[in-house]
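S.K.: Numbering-wise, the sequence shown is residues 608 to 707 according to the numbering used here. C-beta: ideal position from N, C-alpha, C; glycine also. Handing you a structure now.
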Amino acid sequence: MPRILIIEDERPMRTALADTLAAEGYRALTAADGQEGLDMALAGKPDLILLDVMMPRLDGFAVCAELRRLNVATPVLMLTAKGQVSDRVNGLDAGADDYL
Numbered sequence: 608m609p610r611i612l613i614i615e616d617e618r619p620m621r622t623a624l625a626d627t628l629a630a631e632g633y634r635a636l637t638a639a640d641g642q643e644g645l646d647m648a649l650a651g652k653p654d655l656i657l658l659d660v661m662m663p664r665l666d667g668f669a670v671c672a673e674l675r676r677l678n679v680a681t682p683v684l685m686l687t688a689k690g691q692v693s694d695r696v697n698g699l700d701a702g703a704d705d706y707l
């Protein structure tokens, strides 16, 4: 069963994503802030990471950049309300595979 790590600080969104993915047959792992998510990504080796941008401790850009600095090749999709072109560019420059 593919494992998807959801790094999202807003509990309702985190829960909704996890429930939806579980219903589709994925194993959803969740983290409530950037540092917890980074730690889980390094320890658990998920198949995909869904990453918010605006979070406490480490923002999504920093999490993604650190994963790439450590040569973690897990696909990262940034899923965020920050939709300005500059935000998308920052996310992709940090190493995200896509920005939604």
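1) To which residues of the same chain is Arg-675 closer than 8 Å at the C-beta, ignoring the five residues directly before and after it?
2) With a Cβ-Cβ cutoff of 9 Å, do Arg-634 and Arg-610 count as a contact?
3) Out of curiosity, what's the CA-to-CA distance linking Val-679 and Met-662?
4) Who are the near neighbours of Leu-655 in its chain, counting only those whose CB is closer than 6 Å to its CB and skipping five residues on each side?
5) Which same chain residues end up closer than 8 Å to Leu-684 when comparing Cβ atoms and leaving out the 5 residues on each side of it in sequence?
M.R.: Here's the rundown:
1) Translated into the one-based positions of the sequence shown, residue 675 becomes position 68. Excluding positions up to five away in sequence, the list reads Ala-701, Gly-702.
2) Looking up residue 634 in the sequence shown gives position 27. Looking up residue 610 in the sequence shown gives position 3. Yes. Within cutoff.
3) By 1-based counting over the sequence shown, the position of residue 679 is 72. By 1-based counting over the sequence shown, the position of residue 662 is 55. Looking at the two C-alpha atoms, the distance is approximately 21 Å.
4) One-based indexing of the sequence shown puts residue 655 at position 48. Leaving aside the five residues that flank Leu-655 on each side, the residues in its chain whose CB is nearer than 6 Å to its CB run, in chain order, Ile-611, Pro-682.
5) Start at 1 with the first residue of the sequence shown, and residue 684 comes out as number 77. The residues Leu-655, Ile-656, Leu-657, Leu-658, Ala-703, Asp-704, Asp-705, Tyr-706, Leu-707, in chain order, have a CB closer than 8 Å to that of Leu-684 in the same chain once the five nearest residues on each side in sequence are set aside.
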